[in-house]
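Colleague: Numbering-wise, the sequence shown is residues 1 to 481 according to full-length UniProt numbering. Mind looking over this structure? Questions follow.
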Amino acid sequence: MCLILSSIMAPQAIAKLDTAGAKVTDLCTEAKYVTALAQIFRQEADRISRGQTTLMKAATAYRLSAAAATDAKQIQGFQALELVATQKLNQYRAQATAAIDKKLKAANVLESRAMKIIQTQRLQIKSAQPKPATTANNSGTWPTGSTVQTTIEHTLRMKSDVNCTVDKLDDSETIKQSEVNHRQLTALPLAEDSAFEQTALRVLVVSKGTPANTHSSGGGAAAGVVSQDGTSYTALLGGKIETISAEEKPETTNLFKDAEQRTTCAEHTLKQEWALHSREYVLTVVCAATTAAEPETTDPMSWKLENLKTNKELALLLREVAGISENSAAMEPAAITKIIQGILGTTEQEYETKFVKYVNAESREYTIGDKQLKGSFLEMANNERAPELLAHLLGKKAWTKQQNCNDAPKEVAKDEQKAKCQSITEKSKCTADKDCEYKDGKCQTKEGVKAENDDKTTTNTTGNNSFVIKKAPLSLVFSIL
């Protein structure tokens, strides 16, 4: 007896709906609900897409900053941060693409079902209202020797008499988008596919009475017609059309194999015809969308040194761009922190000033062709002329580097001359050298002596922010420092 009672009292697996889903009672409220769910999936897909844009902007801004910076550590830091942002972007994109596809697919299917419901409401027959019956001739007498005929016209009324709008869902008295939460669903409230079929019509014909052997008072002129004496009717011929509608009440249908757990999606046999609107297809795509793995959104502009200083991948990148000698296999946490802080800074304020504000807070202005760019590097990273700005910055840096290279031999030559004169200890030998003079008791470089190549210069001939490079290989312009 105890076993029987325990079996009877065992709880049933109950599928879980959200607050809005529990209010779905007919096709109209279902249309509102699936529309709200579709809008949420679209919003999520858009948010995931914006996450990609954020990483792309940051990577471009870091690249522009590295091209503009002159401090060696800043350049190295920006180059490494760009590579980290690019790695994050590649990882993000792999998950994002799949998640966006699933959510947009579900949104399309749900919106299609909502439109199907609205079309059904407009075109599906609700009732057929009969008009008064007519006899077979205008005199109102029954014809002799022919079948008695009655014509009954009907007025068809459609279900669109009920206003079912899917606009302004949060102002709705029933379904509110703010009450839709697909992340807690294990089921959906959906009507059977038969609810979309046209209403069945049934013709009901009624006859009453029997033929008379002879005519009666007030009856027809010949025997054999239906009997009617003017005061009571013993015969009746009539009919009407009745409507038979399919069940329209949505049913709670499981999304998952386990009715109570969001685990494995339930499997459904999809119909070949009109599959897009079928309940099974809706369940399939919604389950895929609600369980889609979403990438973790990150904004490089919010990265903190406290978290970055333990990032081994960042340390490895900084080691390479800075040429630091460190065994990567044996890189301990202390070594990682040392490398990162050595370039990015030892305090949050230092990192914020050199690498964050430099990118997103400091306003700059450049003229590229006939276009003027103004703003922070983060703002300009989103500009269509950003590639031209990058080329401009790299070209400027290459020109500056070439200038320094051209000036270097002059300084070396001067140093060599100075060292040569200082090495002479005898006055006679000092005065015999055309580049030296004996002064203040020692041999020194003669004043006015020019080093070799002193007269060979590289000149900016094109004005502000534009450069012509002399004696430099063309490939140097495009090298990334």
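Just so it is clear, CB atoms sit at the ideal spot from N, CA and C, and this is done for glycine as well.
Taking a contact to mean a Cβ-Cβ separation below 9 Å, would you say LEU283 touches THR253 in this structure?
Modeller: The residue you call residue 283 lines up with position 283 of the sequence shown. The residue you call residue 253 lines up with position 253 of the sequence shown. For LEU283 and THR253, yes; Cβs fall inside 9 Å.
Colleague: Among the candidates VAL34, ALA61, GLN43, GLU44, whose CA atom is the shortest distance from the CA of VAL356?
Modeller: Within the sequence shown, residue 356 is the residue found at index 356, counting from 1. Among VAL34, ALA61, GLN43, GLU44, the Cα nearest to that of VAL356 is on ALA61.
Colleague: When you compare the CB positions of GLN121 and CYS28, do they come within less than 9 Å of one another, or not?
Modeller: The residue you call residue 121 lines up with position 121 of the sequence shown. The residue you call residue 28 lines up with position 28 of the sequence shown. In contact: GLN121 and CYS28 (Cβ atoms closer than 9 Å).
Colleague: Pull up the CB-CB distance for LYS32 and SER172, whole angstroms please, since I reckon it's below 8 Å.
Modeller: By one-based count along the sequence shown, residue 32 stands at place 32. By one-based count along the sequence shown, residue 172 stands at place 172. About 6 Å; that satisfies the 8 Å criterion.
Colleague: Indicate whether THR35 and ALA106 have their beta-carbon atoms separated by less than 9 Å.
Modeller: The count along the sequence shown starts at 1 and reaches residue 35 at position 35. The count along the sequence shown starts at 1 and reaches residue 106 at position 106. The answer is no: Cβ separation not under 9 Å.
Colleague: Should ALA361 be labelled buried (16 or more other beta-carbon atoms within 10 Å of its own) or exposed?
Modeller: Within the sequence shown, numbered from 1, the residue matching residue 361 stands at position 361. ALA361 is exposed by the Cβ-count criterion.
Colleague: Return the first residue and the last residue of the beta strand (DSSP E) that GLU437 is part of.
Modeller: Mapped onto the sequence shown, residue 437 falls at position 437. Looking at the DSSP string, the run of the beta strand (DSSP E) that includes GLU437 is 436-439.
Colleague: Can you give me the start and stop residues for the beta strand (DSSP E) that LYS309 sits inside?
Modeller: On the sequence shown, position 309 is the one that residue 309 refers to. Premise fails: LYS309 is in no beta strand (DSSP E) and is neither H nor E.
Colleague: Is VAL180 buried or exposed, if buried means 16 or more other CB atoms sit within 10 Å of its CB?
Modeller: Residue mapping note: residue 180 aligns to position 180 of the sequence shown, counting from 1. Under this definition VAL180 is a buried residue.
Colleague: Of the choices GLY323, LYS354, ILE324, LYS312, whose alpha-carbon is the least far from that of THR337?
Modeller: Taking the sequence shown and counting its residues from 1, the one referred to as residue 337 is at position 337. For the residues GLY323, LYS354, ILE324, LYS312, the minimum Cα distance to THR337 belongs to LYS312.
Colleague: Here's the rule I'm using: 16 or more other beta-carbon atoms within 10 Å means buried, otherwise exposed. How should LYS57 be labelled?
Modeller: If you number the sequence shown from 1, residue 57 lands on position 57. Per the 10 Å Cβ criterion, buried.
Colleague: Decide if GLY51 is buried, meaning its Cβ has at least 16 other Cβ atoms within 10 Å, or exposed.
Modeller: The count along the sequence shown starts at 1 and reaches residue 51 at position 51. Burial call: buried.
Colleague: Give the DSSP-derived three-state secondary structure of PRO295 in the structure shown.
Modeller: Along the sequence shown, one-based indexing puts residue 295 at 295. Coil at PRO295, not helix or strand.
Colleague: If you measure between the beta carbons of GLN129 and THR155, is that distance less than 9 Å?
Modeller: If you number the sequence shown from 1, residue 129 lands on position 129. If you number the sequence shown from 1, residue 155 lands on position 155. A contact, by the Cβ cut-off of 9 Å.
Colleague: Per the contact definition of three or more C-beta pairs closer than 8 Å, is the segment 416-431 in contact with the segment 384-394?
Modeller: Because the criterion of three Cβ pairs below 8 Å is not met, the segment 384-394 and the segment 416-431 do not touch.
Colleague: Could you name the residues that DSSP lists as bridge partners for THR252?
Modeller: The residue given as residue 252 occupies position 252 in the sequence shown. According to DSSP, which records beta bridges pairwise, THR252 is partnered with PRO189.
Colleague: Run through DSSP, which three-state label would HIS268 get?
Modeller: Start at 1 with the first residue of the sequence shown, and residue 268 comes out as number 268. It is coil, neither helix nor strand.
Colleague: Whole angstroms are fine: how far does the CA of GLU296 sit from the CA of ARG93?
Modeller: Translated into positions along the sequence shown, residue 93 becomes position 93. Translated into positions along the sequence shown, residue 296 becomes position 296. The alpha-carbon atoms of ARG93 and GLU296 are separated by roughly 11 Å.
Colleague: What residue range is occupied by the uninterrupted beta strand (DSSP E) comprising THR25?
Modeller: As a first step, residue 25 is located in the sequence shown; it is residue number 25 there, counting from the start. Neither: THR25 is in no beta strand (DSSP E) and is coded neither H nor E.
Colleague: Output yes if chain B places a C-beta closer than 9 Å to the C-beta of LYS257; else output no.
Modeller: Protein chain content of the structure displayed is limited to a single chain, and chain B is not contained in it.
Colleague: Determine the contact status of ASP18 and LEU185, defining contact as a CB-CB distance below 9 Å.
Modeller: Here the question's residue 18 lines up with position 18 in the sequence shown. Here the question's residue 185 lines up with position 185 in the sequence shown. Yes, the Cβ-Cβ distance between ASP18 and LEU185 is below 9 Å.
Colleague: Could you spell out the range, first to last residue, of the alpha helix (DSSP H) harbouring ALA432?
Modeller: As a working note, residue 432 is residue 432 in the sequence shown. Taken as a continuous stretch (DSSP letters only), the alpha helix (DSSP H) holding ALA432 covers 427-432.
Colleague: Would you mind sorting THR214 into buried or exposed? The rule is 16 or more other CB atoms within 10 Å of its CB.
Modeller: In the sequence shown, residue 214 corresponds to position 214, counting from 1. Confidence at THR214 is low in this model, with a pLDDT of 46, below 50, so the placement of that residue should be treated as unreliable; the coordinate-derived value is given next. Exposed, since its Cβ has fewer than 16 Cβ neighbours within 10 Å.
Colleague: Using the beta-carbon count (16 or more within 10 Å), is GLN76 buried or exposed?
Modeller: To locate residue 76, count along the sequence shown from 1; it is residue 76. Counting Cβ neighbours within 10 Å, GLN76 comes out buried, since at least 16 surround it.
Colleague: If you follow the alpha helix (DSSP H) that LYS116 is part of, which residue opens it and which one closes it?
Modeller: Stepping through the sequence shown from its first residue, residue 116 is reached at position 116. LYS116 -> alpha helix (DSSP H) spans 72-123.
Colleague: In the DSSP assignment, the beta strand (DSSP E) including LEU373 goes from what residue to what residue?
Modeller: Here residue 373 refers to the residue found at position 373 when the sequence shown is read from its first residue. Unbroken beta strand (DSSP E) run through LEU373: 371-375.
Colleague: Between LEU255 and the rest of its own chain, which residues show a CB-CB distance below 7 Å, the 5 nearest in sequence each way excluded?
Modeller: For this step, residue 255 is matched to residue 255 along the sequence shown. Result list for LEU255: LEU185, THR186, ALA187, LEU188, CYS265, ALA266, LEU283, VAL286, CYS287, in chain order.
Colleague: Who are TYR366's beta bridge partners in DSSP?
Modeller: Indexing the sequence shown from 1 puts residue 366 at position 366. Per DSSP, LEU373.
Colleague: Note down, in chain order, each residue of its chain lying with its Cβ closer than 7 Å to the Cβ of ALA174, except the 5 sequence neighbours on either side.
Modeller: Reading the sequence shown from its first residue, position 174 is the one you call residue 174. One point to set straight first is that residue 174 is Thr, not Ala, in the sequence displayed. Around THR174: LYS23, THR29, LYS32.
Colleague: For LEU270, I'd like the list of residues in its chain whose CB is within less than 8 Å of its CB, leaving aside the five on either flank, ordered along the chain.
Modeller: By one-based count along the sequence shown, residue 270 stands at place 270. Within the same chain, LEU270 has close Cβ partners SER278, GLU280, TYR281, THR284.
Colleague: With GLN444 as the anchor, note down where its beta strand (DSSP E) starts and where it stops.
Modeller: Numbered from 1 along the sequence shown, position 444 holds the residue referred to as residue 444. From DSSP, the beta strand (DSSP E) with GLN444 extends over 442-445.
Colleague: If we ignore side chains and look at the alpha-carbon of each, how far apart do LEU111 and ALA38 end up?
Modeller: Residue 111 sits at position 111 when you count from the first residue of the sequence shown. Residue 38 sits at position 38 when you count from the first residue of the sequence shown. For the record, residue 111 in the displayed sequence is Glu; it is not Leu. GLU111 and ALA38: Cα-Cα distance of roughly 6 Å.
Colleague: When you compare the CB positions of LYS354 and TYR366, do they come within less than 9 Å of one another, or not?
Modeller: Taking the first residue of the sequence shown as position 1, residue 354 is located at position 354. Taking the first residue of the sequence shown as position 1, residue 366 is located at position 366. No, the Cβ-Cβ distance between LYS354 and TYR366 is not below 9 Å.
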